[in-house]
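Engineer: Top to bottom, those sequences are chains A and B.
In this text, residue positions in the first sequence follow the numbering used here: the first is 77, and each later residue adds one.
In this text, residue positions in the second sequence follow the numbering used here: the first is 77, and each later residue adds one.
We treat Cβ as the ideally placed atom computed from N, Cα and C, and that holds for glycine.
Just passing along the structure, written as structure tokens.
Number of protein chains: 2
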Amino acid sequence: MAVKSAGIRDVAQLAGVSVTTVSHVLNDTPNMRVSVETRARVRHAAKTLGYGPNRMAQALRTNRSGLIGLLSEEIATTPHAGRIILGAQNAAREHDLTLVIINTERDAGGTSHRDDVQALIDRQVDAVLYATMYHRSVSLPPNLQDLPAVLIDSTDRAGIVPAVVPDEVGGAVAAVTHLVEAGHTRIGFLNNDDDVPATHLRFAGYRQVLQAHDIPFDEDLVFSAPSETLPGYGLARELLGRSDRPTALFCYNDRMAMGAYRAATELGLEIPRDLSIVGFDNQELIAANLFPGLTTVALPHYEMGVWAVETLVHLLHGEAEYRLIADKPALLDCPLVIRGSVAQPRAN
Amino acid sequence: MAVKSAGIRDVAQLAGVSVTTVSHVLNDTPNMRVSVETRARVRHAAKTLGYGPNRMAQALRTNRSGLIGLLSEEIATTPHAGRIILGAQNAAREHDLTLVIINTERDAGGTSHRDDVQALIDRQVDAVLYATMYHRSVSLPPNLQDLPAVLIDSTDRAGIVPAVVPDEVGGAVAAVTHLVEAGHTRIGFLNNDDDVPATHLRFAGYRQVLQAHDIPFDEDLVFSAPSETLPGYGLARELLGRSDRPTALFCYNDRMAMGAYRAATELGLEIPRDLSIVGFDNQELIAANLFPGLTTVALPHYEMGVWAVETLVHLLHGEAEYRLIADKPALLDCPLVIRGSVAQPRAN
DNA sequence: ACGTTTTGCCAAAACGTCTTGGCATAGATA
DNA sequence: TATCTATGCCAAGACGTTTTGGCAAAACGT
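Have a look at this one:
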């Protein structure tokens, strides 16, 4: 079945040179001394034999496996992880690296995470990507310091490892600005009640926009609850039932927005005529399938995957200073995705 | 940074034996001849040094990399791919194999898929998993025959490669039976209109249940449209607007079911009191977030990932005959996930 | 006591590549 | 012409394992 493929020796023989020369030519060894004709002959021979280097032998000799490990929480639960993988994979391929994936449990106690990292180290990965399911601050397993690493969607509590996270504030600013520019001034905010960065940062973005537009902040317009559909429904029900109800809602995430849709329907409010809504996360399955489509903010999962791999490559090539990058987490843009849930407020 | 770890030589030295002996002991080489005491000494030495074998050297020597490639379509688009990855990864880990993932484009023309397979071969994977995004029949790139392979969620048009797919008929039977057992006899079916296996098989399951329960098949209760929310809404609207409307709906997938929910709401039908609905796919984001939760059929993505890896392992160990397995695709169970969208039909 | 088997261990080769330190020849410099 | 430098190439060792074929010593059989 598996056909034994040509080795460097076969190429050497066909080209009539030594293996040394073949290696030099195919690797473009800096300041090698091989005549132009010989190079051509070698390249030709390699091509006709369909030669590809044996990665294992290469790895053994050079001590670089070309593998990079992606440690990802809960791959299954969310499409987000998928986009990270996709971005990382594409970037890796660009640099002739191979992505190996290990799933890890979110809140596994004890040495579980350390074991996962160790599993990757045992497999000779050159570096590791550590991706969490949502933006938060983590304390890292100690053995992660044994090799280059980059954090995705989380920051190192100790501030030692480079990290990339979404620009939550910017995303919230984009969302709320969109509402303000449509003419809204009474904008409710259905926030998450977990103590995670996103909670505070999206709220900060919300306030920032109000202030920039001289809209007074009204704390009666801000409610918090677990970031699920049902609590979102409950909150929206309450907020929209009031006589001085807001004309627009900014929701912590798309699931809460989904709940708000239901509340609006039940109260006889038509979206976006009577109520504008903006979500966060751009969960296609929800946002694109609601009626009307939910205008929301996209998280840059794909881009974070790419960024992380690119950064690793720089690190591995020694082109970048580890500490320098680790200093501040990189912020990636959260673009607004406009669908159909925002309109001008109805002239009373 | 990366600490150079102990090699087999260090272990040998510490234990006072030759590397040969160490290798034998640690690999449990069949009918090796090493005294019990020596084994203990070697094991102890290995442990104290924290020895782990260099996989690259191992791979080079044994010509087995321990890598298995997962070629997956459109990782990003769907959580389904995530569950396949998760299952495959867990099973791989169980067998001390490492999963490397390559994303491929769904309908990429030309030699694209062949190139993807080649990329994996070039990376010395021992075998490959080929996963498609939804159940269908494919023609495989020729170089996939150069090494063991298993198909996930698709079948080989040529019938050469082993495959595992969901038991669509069984799933549909479970869904419709659930409705029948709740007392429904007028059950509408909102089907997909693509010519893919699932379309025909789920329909077959639907008919099968009717027949088994002596319920006459009424073709006016079966509608087809693209399997999206909006078409689902349209179909449901039409079907439910009629005077002799069905008391229950079986939907091709959860998105169509989501559309049906909306139609029901607009027509003043309360789910499940006035209308029972069963979906297919168990897309958590939709099914768990609708009101009430959607009873639906789960696809065995995780299980297919596991099955595929297990099968590969058997193949690699030569414990199973390739042709034998390839003969018929394996069918995996599609269990019913009961939430809140089914009830007895209302006594008129 | 002598051959034979079994037990316990090891030396050395091999896997396919990269890399160091050469050695010739040709051209340049004196 | 004699020396020096640059050019073009190669032999051989190393990376860390596994595996083959052995060799002593101990155990066994007669």
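1. Which partner residues does R318(A) have in the DSSP bridge list?
2. When the cut-off is 9 angstroms and only beta carbons count, does M334(A) lie next to chain B?
3. Using a threshold of 9 angstroms, state whether the C-beta atoms of Y328(B) and L412(B) are closer than that.
4. By DSSP, does H211(B) sit in helix, in strand, or in coil?
5. Below 8 angstroms, how does it come out for the segment 156-173 of chain B and the segment 211-220 of chain B: are there three or more Cβ pairs, yes or no?
6. Which bits of chain A does V382(B) rub up against, with CB to CB less than 9 angstroms?
7. Under a three-way DSSP split, which group does T341(A) fall into?
8. Alpha helix (DSSP H) containing D229(B): first to last residue?
9. To test your reading of the DSSP string, which unbroken alpha helix (DSSP H) runs of 4 or more residues are found completely within the segment 378-403 of chain A?
10. DSSP three-state label for L196(B), please.
11. Give every residue of the same chain whose Cβ lies closer than 6 angstroms to the Cβ of A91(B), excluding the five residues on either side of it in the sequence, and list them in chain order.
12. Looking only at its own chain, which residues have a Cβ that is under 7 angstroms from the Cβ of V249(B), when we skip the five neighbours before and after it?
13. Between which two residues does the beta strand (DSSP E) harbouring G145(B) extend?
14. Roughly how many whole angstroms lie between the Cα atoms of T96(A) and M132(B)?
15. Do the CB positions of D320(B) and T372(B) come within less than 9 angstroms of each other?
16. Assuming V241(B) contacts L407(B) (C-beta within less than 8 angstroms), just tell me the rounded distance between them.
17. Whether or not the segment 98-109 of chain B and the segment 347-366 of chain B are in contact is what I'm after, with contact meaning three or more pairs of Cβ atoms, one per stretch, closer than 8 angstroms; do they touch?
18. I'd like to know if L175(B) contacts chain A, where contact means its C-beta is closer than 9 angstroms to some C-beta of that chain.
19. Our contact map puts G142(B) next to D202(B) with C-beta atoms below 8 angstroms; I'd like the distance itself, whole angstroms only.
20. Rank T323(A), L345(A), N365(A), L343(A) by C-alpha distance to the C-alpha of M334(A) and give the top, closest one.
21. Identify the continuous beta strand (DSSP E) that holds F367(B) and give its terminal residues.
22. By Cβ distance below 6 angstroms, which residues in the same chain neighbour A288(A) in space, the five residues on each side in sequence not counted?
23. Nearest CA to the CA of A225(B): which residue from M209(B), V298(B), A402(B)?
24. When you compare only the Cα positions, how much space is there between D86(B) and R140(A)?
25. Could you tell me if R199(A) is buried or exposed, where buried requires 16 or more neighbouring beta carbons within 10 angstroms of its beta carbon?
26. Closer than 9 angstroms, Cβ to Cβ, to anything on chain A: give me those residues from the segment 249-277 of chain B, in chain order.
27. Cutting at 7 angstroms between CB atoms, please list the residues of its own chain near A168(B), excluding the five before and the five after it.
28. Taking Cβ positions only, does M132(A) come closer than 9 angstroms to chain B?
29. Please confirm whether R262(A) and L297(A) have their CB atoms less than 9 angstroms apart.
30. Indicate whether at least one CB of chain B lies closer than 9 angstroms to the CB of A288(A).
Structural biologist: Result, derived from the coordinates:
1. Taking the first sequence and counting its residues from 1, the one referred to as residue 318(A) is at position 242. Secondary-structure assignment with DSSP links R318(A) through no beta bridge to anything.
2. Within the first sequence, numbered from 1, the residue matching residue 334(A) stands at position 258. With 9 angstroms as the cut-off, M334(A) counts as an interface residue toward chain B.
3. In the second sequence, counting from the first residue as 1, residue 328(B) sits at position 252. In the second sequence, counting from the first residue as 1, residue 412(B) sits at position 336. At a Cβ-Cβ threshold of 9 angstroms, Y328(B) and L412(B) do not count as neighbours.
4. Working through the second sequence from its first residue, we reach residue 211(B) at position 135. It is a strand residue.
5. At 8 angstroms Cβ cutoff, the stretches do not touch.
6. To locate residue 382(B), count along the second sequence from 1; it is residue 306. Within chain A, no C-beta atom comes nearer than 9 angstroms to that of V382(B); the closest sits roughly 13 angstroms away.
7. Along the first sequence, one-based indexing puts residue 341(A) at 265. In the displayed model, T341(A) falls within a helix according to three-state DSSP.
8. Working through the second sequence from its first residue, we reach residue 229(B) at position 153. Not the alpha helix (DSSP H): D229(B) falls in the beta strand (DSSP E), residues 225-232.
9. The segment 378-403 of chain A contains these whole alpha helix (DSSP H) runs: 398-402.
10. Numbered from 1 along the second sequence, position 120 holds the residue referred to as residue 196(B). Under the three-state reduction of DSSP, L196(B) is assigned to helix.
11. If you number the second sequence from 1, residue 91(B) lands on position 15. So the list reads R117, V118, A121, once near-sequence residues are dropped.
12. Here residue 249(B) corresponds to residue number 173 of the second sequence, with the count starting at 1. Residues of the same chain with a CB within less than 7 angstroms of the CB of V249(B), apart from the 5 flanking positions on each side, are G281, Q284, V285 in chain order.
13. Position 69 of the second sequence, counted from the start, is the residue given in the question as residue 145(B). Residues 143-149.
14. In the first sequence, counting from the first residue as 1, residue 96(A) sits at position 20. In the second sequence, counting from the first residue as 1, residue 132(B) sits at position 56. Roughly 22 angstroms separates the two Cα atoms.
15. Taking the first residue of the second sequence as position 1, residue 320(B) is located at position 244. Taking the first residue of the second sequence as position 1, residue 372(B) is located at position 296. Going by C-beta atoms, D320(B) is not nearer than 9 angstroms to T372(B).
16. For this step, residue 241(B) is matched to residue 165 along the second sequence. For this step, residue 407(B) is matched to residue 331 along the second sequence. Contact holds; Cβ gap of about 6 angstroms.
17. Contact between the segment 347-366 of chain B and the segment 98-109 of chain B is absent, because fewer than three Cβ pairs lie under 8 angstroms.
18. As a working note, residue 175(B) is residue 99 in the second sequence. Judged by the 9 angstroms Cβ criterion, L175(B) is in contact with chain A.
19. Your numbering for residue 142(B) matches position 66 in the second sequence. Your numbering for residue 202(B) matches position 126 in the second sequence. The Cβ separation is near 7 angstroms, so the contact holds.
20. What you label residue 334(A) is simply residue 258 of the first sequence in a count that begins at 1. Answer by Cα proximity: N365(A).
21. Your numbering for residue 367(B) matches position 291 in the second sequence. Neither: F367(B) is in no beta strand (DSSP E) and is coded neither H nor E.
22. As a working mapping, residue 288(A) is identified with position 212 in the first sequence. If we look at A288(A) and ignore the five residues flanking it on each side, it has no Cβ neighbours.
23. Against the second sequence, residue 225(B) aligns to sequence position 149. It is A402(B).
24. On the second sequence, position 10 is the one that residue 86(B) refers to. On the first sequence, position 64 is the one that residue 140(A) refers to. Computed Cα separation, rounded: 21 angstroms.
25. For the purposes of this step, residue 199(A) is identified with residue 123 of the first sequence, where counting begins at 1. With 16 or more other Cβ atoms from the protein chains shown falling within 10 Å of its own Cβ, R199(A) counts as buried.
26. The segment 249-277 of chain B vs chain A, Cβ under 9 angstroms: nothing.
27. Indexing the second sequence from 1 puts residue 168(B) at position 92. Contacts found: I144, T174, L175, V385.
28. Position 56 of the first sequence holds residue 132(A). Yes, its Cβ sits closer than 9 angstroms to a Cβ of chain B.
29. Counting from 1 along the first sequence, the entry for residue 262(A) is found at position 186. Counting from 1 along the first sequence, the entry for residue 297(A) is found at position 221. Result yes, Cβ atoms of R262(A) and L297(A) sit closer than 9 angstroms.
30. Taking the first residue of the first sequence as 1, we reach residue 288(A) at position 212. No, its Cβ sits nowhere closer than 9 angstroms to a Cβ of chain B.
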